[in-house]
Structure formats: C-alpha cells, structure tokens
Amino acid sequence: MSSRAKITLAAATILSALTVWGVHVQQNQEREAMYRGVLKDDERRVAKMKQRQQEYDESQRRRELYERVQTVRDSSEDSGTS
C-alpha cells in the first residue's frame, strides 16, 4: 500500500472515531439536560402543590372564621319550600 493510501486510511479512521466519540458525548449531554429538566419540573410541581395546599388551608381558616361570625344557611332548605 502506498504512503498516501496509508495516510488517507489513517485520517479516515481517526475522523470516523472522533465523529463517533463526539456523537456519544453530545448524546450524554442531551440526556443530562433532559434529566435536569425533569428534576426542575418535579420541583415546580411540588412548589405548586405546596402553594395550593397553603391557599386551601387559608380558605378553610377563613371559612371557619366567617361561619363563626355569620350565620350560614343550607341552600338545600330553600329549594324545597315553594
């Protein structure tokens, strides 16, 4: 085999190996980025659930306060008395 053929073969082999390695590294980076996205989504979901629970607790507290201050009438009593 001539020297030029050997150099071309070596260059093609090295280029192919670098391409495969580069694609592998890129796939790993993308996989890690996707996983971080899932973690962020979970954190946002947990924070939103906590906020909703706090709002619900506050609503229940206000309802109890209003029921103590005001008389509450059951709406089903009104519908059958006509």
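FYI, in mature numbering (1 follows the signal peptide of the UniProt record, and there is no 0) the residues of the sequence shown are -22 to -1, 1 to 60. The beta-carbon is built from N, C-alpha and C at its ideal position, and this holds for glycine as well.
So for T49, helix, strand or coil by DSSP?
coil
What is the DSSP secondary structure of S27, reduced to helix, strand or coil?
In the sequence as presented, Ser is not what sits at residue 27; that position holds Met. Residue state, collapsed to three classes: helix.
Spatial distance of M12 from V(-3) (CA atoms)
21 Å
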